[in-house]
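Under my numbering, the first residue of the sequence shown carries the number 2, and numbering increases by one thereafter. Glycine included, C-beta positions come from ideal geometry on N, C-alpha and C. The block underneath contains the structure these notes are about, expressed in structure tokens.
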Amino acid sequence: MNKTALIVGASGLVGGHLLELLLANESFSQVFSLVRKASNKKHKKLVELVFDFNDDLAYNKLPKTDLAFCCLGTTIKKAGSQAAFKKVDWEYPLKLAKALKKDNSNSFHIITSLGSDAQSLIFYSKVKGELENDLKKLDFKYLSIYQPSLLLGNRQEKRWGEKFAISIFPRFDFLLQGGLKKYRAIEAEDVAKGMIYGALNETNNIQTYLSDEIKDMADKLHTID
Numbered sequence: 002m003n004k005t006a007l008i009v010g011a012s013g014l015v016g017g018h019l020l021e022l023l024l025a026n027e028s029f030s031q032v033f034s035l036v037r038k039a040s041n042k043k044h045k046k047l048v049e050l051v052f053d054f055n056d057d058l059a060y061n062k063l064p065k066t067d068l069a070f071c072c073l074g075t076t077i078k079k080a081g082s083q084a085a086f087k088k089v090d091w092e093y094p095l096k097l098a099k100a101l102k103k104d105n106s107n108s109f110h111i112i113t114s115l116g117s118d119a120q121s122l123i124f125y126s127k128v129k130g131e132l133e134n135d136l137k138k139l140d141f142k143y144l145s146i147y148q149p150s151l152l153l154g155n156r157q158e159k160r161w162g163e164k165f166a167i168s169i170f171p172r173f174d175f176l177l178q179g180g181l182k183k184y185r186a187i188e189a190e191d192v193a194k195g196m197i198y199g200a201l202n203e204t205n206n207i208q209t210y211l212s213d214e215i216k217d218m219a220d221k222l223h224t225i226d
């Protein structure tokens, strides 16, 4: 395979791993990364594009690629308000997907969260669920939604509540069996691996992967690398 890919959110926890894996994977010949500011990262397959997510005209100039990966995401605390959070976690991804679909892109892969539900009373989960519903209406040939549980990995910013959860919850993973496996914490790198495996093995029009399924896909990618 000789695929081209677009990635958004490569500066984040999962996105950082995903970018490295895409560059290392021989199935991908070129990787476009949309960034707010240049990172000066150099690689023969990488094309870094400084992008203003608030500029509607910028969405008309996206490169044509075989696949798109969206790893955008923030927290209400970091964003500063619910409105600012929704702009990053709903508006930007949806505008990106609409622009890509308009340009006849066939495949869109996005991270949301376990528990995403447009009817949820939890604002975070509600926004993620609304995004999923809106993406499904776009009628991509392939739409893959990845819903990880608690993410493990080294973040640049400090999230004390999450840091506490990471120190405690993985110790009890052995108790989460059967249908509860989806609640197990998962390494950010495994989410990235799962996304690549999903992108290279697309079969269904719309596919939602829960956290334990993402881990299984990551392990399969590892065995074929």
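Burial state of residue i (16 or more Cβ within 10 Å)
{"i": "residue 148", "result": "buried"}
{"i": "residue 165", "result": "With a pLDDT of only 45 at residue 165, under the threshold of 50, the placement of this residue in the model should not be trusted; the figure read from the coordinates follows. Looking at its Cβ environment, which holds fewer than 16 other Cβ atoms inside 10 Å, residue 165 is exposed."}
{"i": "residue 212", "result": "buried"}
{"i": "residue 191", "result": "buried"}
{"i": "residue 37", "result": "exposed"}
{"i": "residue 207", "result": "exposed"}
{"i": "residue 145", "result": "buried"}
{"i": "residue 84", "result": "exposed"}
{"i": "residue 90", "result": "buried"}
{"i": "residue 114", "result": "buried"}
{"i": "residue 195", "result": "buried"}
{"i": "residue 79", "result": "exposed"}
{"i": "residue 58", "result": "exposed"}
{"i": "residue 82", "result": "exposed"}
{"i": "residue 26", "result": "buried"}
{"i": "residue 108", "result": "buried"}
{"i": "residue 222", "result": "buried"}
{"i": "residue 186", "result": "buried"}
{"i": "residue 13", "result": "buried"}
{"i": "residue 200", "result": "buried"}
Span of the beta strand (DSSP E) around residue i
{"i": "residue 111", "result": "108 to 112"}
{"i": "residue 6", "result": "4 to 9"}
Residues sharing a beta bridge with residue i, DSSP
{"i": "residue 49", "result": "34"}
{"i": "residue 188", "result": "153"}
{"i": "residue 146", "result": "111, 209"}
{"i": "residue 29", "result": "4"}
Continuous alpha helix (DSSP H) stretch holding residue i: start and end
{"i": "residue 211", "result": "Counting along the chain, residue 211 falls outside any alpha helix (DSSP H), though it belongs to the beta strand (DSSP E) covering 207 to 211."}
Rounded distance between the beta-carbons of residue j and residue i, thought under 8 angstroms
{"i": "residue 65", "j": "residue 104", "result": "6 angstroms"}
{"i": "residue 33", "j": "residue 48", "result": "5 angstroms"}
{"i": "residue 124", "j": "residue 93", "result": "Contact flag wrong, Cβ pair sits at about 17 angstroms."}
{"i": "residue 10", "j": "residue 73", "result": "4 angstroms"}
{"i": "residue 101", "j": "residue 63", "result": "6 angstroms"}
{"i": "residue 189", "j": "residue 153", "result": "7 angstroms"}
{"i": "residue 52", "j": "residue 110", "result": "Not really, about 18 angstroms apart at Cβ, beyond 8 angstroms."}
{"i": "residue 46", "j": "residue 31", "result": "5 angstroms"}
{"i": "residue 95", "j": "residue 60", "result": "Their Cβ separation, rounded to whole angstroms, is 11 angstroms, which puts residue 95 and residue 60 out of contact at 8 angstroms."}
{"i": "residue 23", "j": "residue 197", "result": "7 angstroms"}
Every unbroken beta strand (DSSP E) inside the stretch 52 to 129 [3 residues or more]: 68 to 71, 108 to 112
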